[in-house]
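Encoded as structure tokens, the structure appears first; notes follow it.
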Amino acid sequence: MKRTWQGTYLCVVLALSLSVVQAATFYCDPVNGSMSGDGSINDPWGALADVIAANKIESMQPVSYPYVYGAPLKVRNDGAPVQPGDTLELLSGDHGVVYAQGYYNPDWITLRAAAGHTPVVRRFQFRGGCKWRIDGVTVSQEPYGTPGTATAVNFENHGWHGPSYDCILENSHVYGVDDTSNFTANDWLTKTPGAGVSSGGPRNIIRYNTIRNIQLGISVGGADSVIEYNTLCGIAHDGLRSANDRIVWQYNHLSDFVDVDDNHDDMIQLYRGGGVPHTAVEIRGNWFDGRRITGRPLTTSPQGVGCFDGPLVDCLVENNVVLTAHYHGISLYDADGCVIINNTVLDPSRAYPCWISLGTKGLGGNWDCTIRNNLCYQIPSANQQNNIVVDHNITLTDALSDQIFVDWENGDVHLLADGPAVDEGSATLAPDTDIDGVSRPQGDGYDIGAYEYESGAGNVPPVADAGDDQTVTDTDGDGSATVTLDGDDSYDSDGSIASYVWTEGVTQIATGATPNVSMD
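Right, dumping it as structure tokens:
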């Protein structure tokens, strides 16, 4: 098998985009702060909930109600110290229930955990508004209150106050209670949030969060949203729920499901109701681990990718791993123009022959679909009349699984070097990378399943890491500022970095791992 990378010493090129902006940072300290302060690091305000209640943030609000997207807005809290584009740094302590109604921010206002601090917000409720960015915050009612069933983070699409859109939740820890090891079904239903995150407005982003011990994980009803790189565990209902068009669900990790009622729960479900189509939804690169956990009370194995309530139009399911003791591994109903490609679907317990399937509830049937490069126990047959193309799949047996996977019985479904899935896939419609971001193909052909086999031979390219995003403030107003760039976290796993080159666009601006750069 031919592999590509050659050479030992490689240059790291770090692309950079920086601009000097006039933005301010304020501080909220619920332990030592006071609302009579000026919000500086030396004289911080109190809890975030109190800052919002005291009208410290200038924004925009609807001129009239009920508000619909695009209707006229007017200034809210004119002249308040916190302006659109500013940041509120949150120090450790209880920041209360943060309720923001009708804040349509012209630029993002960031609510960020201060370095070295663990601020706790009991829950976030955004009712109409936009451009809120939550970064690194712990969201739970348990540390300072009584655990309950209210949604932990709610970007609400409200019939009177309007949608909550263009918001970001990232790097945060959302949980109901810390320990559910002895929970009964009633405990789950009365002491954990009904949803970890509910996002009703369009274009919201939910990424890099840990969400645990909740009922429903993430529910999204707003189009054009992105939900990526989240870790969810301790889930009592659906893990992910999708209810609009062009939603991207990618690279999320789900595990540890419990059975608390008669619901037929899914690791991800597309549900909209009323026969309204789901259009161009993408389910990509997710690790759906529905294995039961030995010794875990109420442990269960839910349905996998359950898209039963179509029609589904131009939807994509690629590069996912689905491990579940259930029939429904990946099931699409009334699918038109959908693609199921490069997925690995199996039951390590072998209790069920989980399948990839196309079904119908009488909402148009299945047309013009492709099922390719998948590993699964049962795969639909091709249907020339309906243009259902099925090729380059492998129907698994235990014997074949032993030849294909590193340790499938324990959930390791990486590919073995000489197995029948390596180099035997089709390039047509196949993704450019696998579930881990490894480029395809690595060998003479595309591999079948969610993983592309890497031999380890040859040289691996270096990883360029330009550090965290920086906002550079012109503090003295002279039109320039100096920033220290940090490429120290770049690495070459099988060699040495020969040089560092920093660029802004196509222009080289510096060399070295940690240069100082003047920004004008």
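Residues in the sequence shown are numbered consecutively from -12, following my numbering. C-beta: ideal position from N, C-alpha, C; glycine also. All of these numbers come straight from a predicted model, not from anything done at the bench.
Does the distance from the C-beta atom of residue i to that of residue j stay below 8 Å?
i      : j      : result
Thr311 : Gly282 : no
His82  : Ala41  : no
His148 : Gln88  : yes
Cys356 : Leu345 : yes
Glu129 : Asp174 : no
Gly352 : Val332 : no
Pro418 : Asn239 : no
Leu77  : Val124 : yes
Val50  : Pro59  : yes
Gly226 : Asn200 : no
Thr218 : Gly181 : no
Pro340 : His313 : no
Ile193 : Leu156 : yes
Asn373 : Trp395 : no
Buried or exposed: which applies to residue i, given that a residue is buried once 16 or more other Cβ atoms fall within 10 Å of its Cβ?
i       : result
Gln237  : buried
Tyr320  : buried
Thr501  : exposed
Ile358  : buried
Tyr440  : buried
Ile255  : buried
Trp(-8) : Model confidence at Trp(-8) stands at a pLDDT of 30, short of 50, so the residue's coordinates are unreliable; what they give is reported in the following sentence. That one is exposed.
Asp481  : Low local confidence applies: a pLDDT of 44 at Asp481 is under 50, so the model's placement there is unreliable, with the coordinate-based value given in what follows. Flag for Asp481 reads exposed.
Lys61   : exposed
Tyr433  : buried
His224  : buried
Pro53   : exposed
Gly499  : exposed
Val18   : exposed
Val247  : buried
Can you give me the start and stop residues for the beta strand (DSSP E) that residue i sits inside?
i      : result
Asn141 : Val140 to Glu143
Gln48  : Ser46 to Pro49
Pro106 : Pro106 to Val108
Phe295 : Here Phe295 belongs to no beta strand (DSSP E), and DSSP marks it neither H nor E.
Ser206 : Leu203 to Val207
Trp147 : Segment: none, Trp147 is in no beta strand (DSSP E) and carries neither H nor E.
Val184 : Ala182 to Ser186
Arg427 : It is not in any beta strand (DSSP E) - Arg427 carries neither H nor E in the DSSP assignment.
Gln237 : Val235 to Gln237
Val213 : Val213 to Glu215
Val326 : Val326 to Ile328
Ile508 : Residue 508 lies beyond the residue range present for the chain, which begins at -12 and ends at 507; the question has no answer from this structure.
Arg359 : Thr357 to Arg359
Where DSSP assigns a beta bridge to residue i, which residues make up the other side?
i      : result
Cys15  : Trp32 and Leu77
Asp510 : Lying outside -12 to 507, the shown extent of the chain, residue 510 is not represented and no answer is given.
Ala100 : Leu77
Ser242 : Cys220
Trp95  : Paired residue(s): none; Trp95 is not in a bridge.
His379 : Answer by DSSP bridge pairing: none, since His379 is not bridged.
Asp122 : Arg99 and Glu157
His251 : For His251, which the question treats as bridged, DSSP gives no partner whatsoever.
Thr311 : Gly277
Leu346 : For the record, residue 346 in the displayed sequence is Gly; it is not Leu. Paired residues: Tyr320.
Tyr90  : Gly116
Ile198 : Val161 and Leu219
Lys43  : BP columns for Lys43 are empty, so no partner.
Thr501 : In the DSSP output, where bridge partners are listed per residue, Thr501 has none listed.
Thr331 : Val308 and Leu362
Where do the ends of the alpha helix (DSSP H) carrying residue i lie?
i      : result
Ser388 : Asp385 to Ile391
Trp175 : Ala172 to Lys178
As a quick exercise: from the options, pick the residue whose alpha carbon is nearest that of residue i.
i      : options                           : result
Arg63  : Tyr90, Thr197 and Tyr54           : Tyr90
Asn360 : Pro340, Gly351 and Thr382         : Thr382
Trp342 : Pro71, Leu350 and Asn330          : Asn330
Gly261 : Leu350, Pro180 and Gly324         : Leu350
Thr179 : Leu285, Ser185 and Tyr162         : Tyr162
Pro71  : Ser46, Asp65, Pro53 and Leu78     : Ser46
Gly398 : Arg337, Lys348 and Val425         : Arg337
Arg271 : Val207, Asp421 and Val55          : Asp421
Asn380 : Gly412, Asp296 and Gly352         : Gly412
Cys117 : Leu78, Gly80 and Gly188           : Gly188
Phe113 : Asn191, Ser318 and Asn19          : Asn191
Gly183 : Ile155, Ala139 and Glu215         : Ala139
Ser168 : Thr286, Tyr152 and Phe111         : Thr286
Ser151 : Leu176, Ala137, Ser186 and Pro134 : Ser186
Asp73  : Val450, Val85 and Ser27           : Ser27
Asn158 : Thr171, Ala210, Gly181 and Thr97  : Thr97
Asp232 : Gly204, Asn370, Leu75 and Val263  : Val263
Ser318 : Cys302, Leu303 and Cys294         : Cys294
Val376 : Val400, Cys325 and Asp385         : Cys325
So, is the C-beta of residue i closer than 8 Å to a C-beta in chain C?
i      : result
Gly187 : In the structure shown, chain C cannot be found, because there is only a single protein chain.
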